[in-house]
Each structure stands twice: as structure tokens, then as C-alpha cells.
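Numbering (my numbering), first residue to last: 11 to 255. Even for Gly, the Cβ is constructed at its ideal location relative to N, Cα and C. These figures come from a predicted structure and were not determined experimentally. Take a look at the structure set out below.
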Amino acid sequence: MDESGGEKKTPPTDVNKDSEMGRRDFLRVVVTVGTVGTIIGVAGLLTDYLTFIPQPNVTLVWPKAKIANISALQDLKPVNFFYPLTNEPNILVKLGVKAENGIGPSEDIVAFSLICQHLGCIYAFVPEGASPVCNSSYKMPVDGGYCCCHGSHYDFTKEGAVIGGPAPRPVPMVQLELDQATGDIYATSMGPPSIFGHNTGATAAAQVLAADMTGGSVITNTVSVTSTQATSGTSTASGSTSSGA
Ligand code: FES
């Protein structure tokens, strides 16, 4: 009690003062940290916005390219052409006998990648009963391809199936389309597996498309027809990049 009879107030001690200041400092720190965090967050969003580069919406599609007219084809006289890239050699041949996935009135026109699936040499077409230039003692049992590098051979009547040698997989078959009105023959895509040197061995359609369409320039309109036949079967395909083992 004080002299007036009232309650005597206790003056604030140093301890209370320190406590009050501590709270204020703490609040000040909290507010400061929050503000800095907000500024950093906004700056980050602004940076993202300013540096955002829209990506082009690229959709890969097979080119459609004219190879030949059916009226110009003769049985067992191959035509070489490039597809789907300008550095990817293929062979088209009218076998004269029905083939799996063949086109034309006799379903005997087929086309395949000319790059051997073993190690990437260019092989040659050899008709049934004939011998490859590098192996005169061997007679081809079917119309097909023979690679003189290590002896792989492929059956053109069975979608390029391996029938001998070290090749681990068939040669890719070029998918063909015949315009019934004009007789023009078009390459429209490549069947699996992927062409040697392009992610070798891919078989899913999307993977084959992505693999085969990289590593060169895509063919446009009419494919360039080079000659009538690959003969030596000993050169290595240009553009091949993997061992294919
Ligand atoms: S590259 Fe063709 S058999 Fe080896």
C-alpha cells in the first residue's frame, strides 16, 4: 500500500525491459525474413517467365516418296533407292513369285534396307539358284540378299528373314504403296527392326520411326534412284554409327 492507500505499483525491472526488447527484435527478424523470402520467390517466378522459351511441337512422320512405276519393273532386276533419309540405301525388286507383304498384281514386289544387320556392310541381291560374287560354291535357296563381308543372307520372300550367317535380325522392309491409277510405287515407311546404325534393334513402331529418321536429311517427294543393282556386297554403309552387335 502507498501513502494514499492505493496499490503500490512495482516499476518495471531491467529483466522485463530486456524481455520486451527481445520480443520486438524477434518479431522484427520474422518480418524481415518473410519479406526477403517473398522477394526471392517473386524474383524466381519473374526469371522463369523471362527465360521461358516455347518448344516447337515437332511430330515425326514418315515421308511418302515415289520410287518407280510398275510398268518399268522387270523380274529380278532390282532398283536401288534412298529412303527415308538421303543417305539410307535400299533395294526394290520384283521377284516374279509371291512374297510376304509384297505388292502388285502378283504380290511379288518388295523392298528392303540394303544395310546388313550384322555390321553395316552393303549386301547384294542374289536370285534363287545363283551364287554371290564372293562365294561361287554357294547357291541361294531363295531370292534374297547376300552379304559378302561375313556371309549373312536374307530371304526376300519372308520379309527379310535371316537364313544364314551372323546377322542377328532381319533387314528392315520398306513399306510400299501402289497407286492403282498411275502404277506409281511409293515408299511410305520402314518396318521393324530399325535400320542398322540407328538405335539398332528397336522394334516398337514409335522407336523405329524416331531412330530411322535421325542422322541425315529426310527424303522429299521422289526418292533418288541410283542404279540397278548392288553387286559387290562388301562396302560399309555410310552413316552407320554402331556396331549392331
Ligand atoms: S556385315 Fe554383313 S555379314 Fe557381317
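Close to ligand 1, as judged by a C-beta nearer than 7 Å to any of its heavy atoms, are the residues C126, H128, L129, G130, C131, Y133, C157, C159, H160, G161, S162, G175, P176, A177, in chain order.
The region 198-206 and the region 79-87 do not touch, with fewer than 3 CB-CB distances between them shorter than 8 Å. Counting only residues of its own chain and dropping the five nearest sequence neighbours on each side, I173 has a CB closer than 8 Å to the CB of P151, V152, G154, H163, Y164, D165. Cβ neighbours of L105 within its own chain (closer than 8 Å, five residues either side excluded): D85, L86, G112, D118, I119, V120, D153, F166, T167. Per DSSP, D194 is one residue of the beta strand (DSSP E) stretching across 194-200.
Annotation for T224: H208 place their beta carbon closer than 8 Å to its own, counting only its chain and skipping 5 residues before and after. Pairing P94 with P180, the inter-Cα distance amounts to about 18 Å. Between the beta-carbon of A171 and that of L70 there is about 27 Å, and that puts the pair past the 8 Å contact cut.
For A214, the secondary structure class from DSSP, reduced to helix, strand or coil, is coil. Counting the other CB atoms within 10 Å of its CB gives P178 a total below 16, which places it among the exposed residues. Each residue's CA atom was taken as its position, placing S227 and T96 some 6 Å apart. Per DSSP, the continuous beta strand (DSSP E) segment holding D165 begins and ends at 163-165.
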